[in-house]
Amino acid sequence: MEKDADGFYTPAAPGAGGSTPAAPQPAPNSDLIKSTFEVDVTLADQQGDPNSPLYSAKTFEELGLHDDLLKGIYDMGFTKPSKIQERALPLMLSNPPTNMIGQSQSGTGKTAAFVLTMLSRVDFSKPQPQALCLAPSRELARQIMSVVVAMGKFTPVQTEYAIKDNLARDSGPIKAHIVVGTPGTMTDLIRKRILDPSGVKVFVLDEADNMLDQEGLGDQTLRVKNQLPREGLQILAFSATFPDHVRNFASKFAPNANKIELKKEELSISGIRQFYMDCKNEEDKYDVLVRLYALLTIGQSIIFCQHKHTADRIAQRMTAEGHKVASLHGAKDPAERDAIIDNFRDGREKVLITTNVISRGIDILQVNMVVNYDLPLMYERNTGAGAGPGGSYDRPDIETYIHRIGRTGRFGRRGISINFVHDKKTWQQMDQIEKATGKTITRIETGDVDEMERKMKEALK
Ligand SMILES: Nc1ncnc2c1ncn2[C@@H]1O[C@H](COP(=O)(O)OP(=O)(O)OP(=O)(O)O)[C@@H](O)[C@H]1O
């Protein structure tokens, strides 16, 4: 088995991702997927390269973990820690407990770092909530829980969700040690005294910049924190991105924290090759996407739209034209959302058309392509002299872009992202993204399917 020039490898052997589902069977003659299972050698190479975010000089044994947790880690197929795990775990596990603000690129194993800390701090003999973890979406909360369950497999840990529609109305107080959920429901459970926060020792924010941003979930997150004990609480805040305005706030939210930070140029990982396609106009974007369909289904792909209605409209049109795609967004009811993401995770659906709801954290190893059907934009209030009320969605949202493309290229795998641009404005927005991330975005011809396939195969090789 040969290592390629930059030491990348493509999707993992089934089971290597623990709670993530087994890889779907590749199409028999697909070159793109052929290399899928050539993983072990090159992963070892990357984990041995000091410049890789997957590098570690240490073993899991050296990080001070309990034997039962080591068993859980090895059972998940992990052999060596990644850089963030190696650096963050000893700091988070030392006593007295110290806060942590941890940044590391998408798909480099932040979840294991904070899950192992929660599991290490819990006193299993006490039937009460001791660790709370907040995430921005129910999909991510469910995924984190699957990691807690997998890593805690050899411990007596009890867990509970704080996500919509999960607990029966008349259920009594939560006795579980670890509660994972979204901030709105977590606040509700505390307010209704279903969740007694008095024994909480660890408070984790995944996607912390998003959870603390006052334009986003910040208020609700603060509300949860205000209910937690002040003395001895360990706060762990993780993300791949920490824009400056949130970084300052995070330092106040998690005072005296140990910090692991990335430089701006380190933010996005080089295993993801970025492309763009010039579409003639908004309508042409749909035609280009349909032309791409055969390539989208070679592995799995996620198509990001700005609006729910766009995601639904594209999915309906493609379905009516005989393509198999699913759509997922926040307006669907919880049970439907769970079924859709589970189908996608298990490989029963190959193309998922969605919104920013799953732009962060979702870890599905077989996703080798991300399409920004609409570029991610952020709302900007009018400011300055004479500015009227309101604002506009004209500025590219760099953080969301980094998270979206990070749904592929997980833990050293290769991936492709494609941006659709269709006019001067979107072109300029993409230009700003390219400058901000410092990574080249290469043009792919939209009319020539063979050329598209050739470029993509090249990128995934
Ligand atoms: N030490 C390890 N060895 C092998 N695989 C690992 C290791 N640590 C994590 N992984 C796997 O790597 C993948 C990515 O991990 P994870 O989802 O924690 O990334 P992340 O840093 O939280 O990413 P994001 O910023 O997108 O949330 C998962 O499938 C996980 O099981």
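Note that the working numbering gives residue 259 to position 259 of the sequence shown, counting from 1, and the numbers run on in steps of one.
Ideal Cβ placement from N, Cα and C applies to all residues, glycine included.
Checking the 7 Å criterion, the Cβ of residue 273 is out of range of every heavy atom belonging to ligand 1. Put simply, of 230, 300 and 212 the residue whose alpha carbon is nearest the alpha carbon of residue 250 is 212. If you check the C-beta of residue 359 against ligand 1, you find no heavy atom less than 7 Å away. In this structure, the beta-carbon distance from residue 204 to residue 118 falls below 8 Å. Contact check for residue 297 and residue 350: beta-carbon distance about 5 Å, within the 8 Å limit, so the pair qualifies. The beta strand (DSSP E) runs of length 3 or more contained entirely in the region 264–312 are, from start to end of the chain, 272–278 and 300–304.
A contact is defined here as three or more CB-CB pairs under 8 Å, and the region 46–56 meets this definition with respect to the region 69–89.
With fewer than 16 other Cβ atoms from the protein chains shown falling within 10 Å of its own Cβ, residue 175 counts as exposed. For the options 440, 147, 280 and 367, the alpha carbon positioned closest to that of residue 116 is the one of 147. Close CB contacts of residue 330 within its chain, under the 6 Å cut and outside five residues either way in sequence, are with 357 (chain order).
Here the C-alpha atom of residue 371 lies approximately 11 Å from the C-alpha atom of residue 415. Here residue 70 has 60 and 61 as same chain residues with Cβ atoms under 7 Å from its own Cβ, once five neighbours each way along the sequence are excluded. One Cα belongs to residue 304, the other to residue 126, and the distance between them is close to 43 Å.
Assignment of beta strand (DSSP E) within the region 203–258, counting only whole runs of 3 or more residues, yields 234–239 in chain order. Under the three-state reduction of DSSP output, residue 146 falls in the helix class. If you check the CB distance, residue 300 and residue 367 come in under 8 Å.
For residue 442, the number of other beta carbons within 10 angstroms of its own is below 16, and it is reported as exposed. Residue pairing for residue 411: DSSP places it in no beta bridge.
In the three-state reduction of the DSSP assignment, residue 353 falls in the strand class, which pools E and B.
One Cα belongs to residue 256, the other to residue 99, and the distance between them is close to 7 Å. Setting aside the 5 residues that flank it on each side, residue 261 is surrounded in the same chain by 103, each with a C-beta closer than 6 Å to its C-beta; the list follows chain order. Relative to ligand 1, the beta carbon of residue 345 is positioned no closer than 7 Å to any heavy atom. Of the heavy atoms belonging to ligand 1, none sits nearer than 7 Å to the Cβ of residue 83.
Looking at the DSSP output, residue 134 bridges to 181 and 205.
At a threshold of 7 Å, residue 209 does not count as near ligand 1, since its beta carbon sits no closer than that to any of the ligand's heavy atoms.
Residue 416 is bridged by DSSP to 273 and 369. Residue 397 holds the alpha-carbon nearest to the alpha-carbon of residue 435 among 236, 449, 397 and 145.
Judged by their CB atoms, residue 289 and residue 456 are not nearer to each other than the 8 Å cut-off.
As computed with DSSP, residue 320 is found in no beta bridge at all. It is roughly 20 Å from the alpha-carbon of residue 337 to the alpha-carbon of residue 206. For a cut-off of 8 Å, the C-beta gap from residue 66 to residue 131 is around 15 Å, too long to register as a contact. Proximity of the beta carbon of residue 230 to ligand 1 is not indicated: no heavy atom of the ligand is located closer than 7 Å.
Distance between residue 182 and residue 451, taken at the CA atoms: about 43 Å. When only Cα atoms are considered, residue 390 and residue 378 end up about 13 Å apart. Per DSSP, residue 90 is one residue of the alpha helix (DSSP H) stretching across 83–93. Only residues of its own chain outside the window of five on either side were considered, and among them 422 have a CB closer than 8 Å to the CB of residue 280, listed in chain order.
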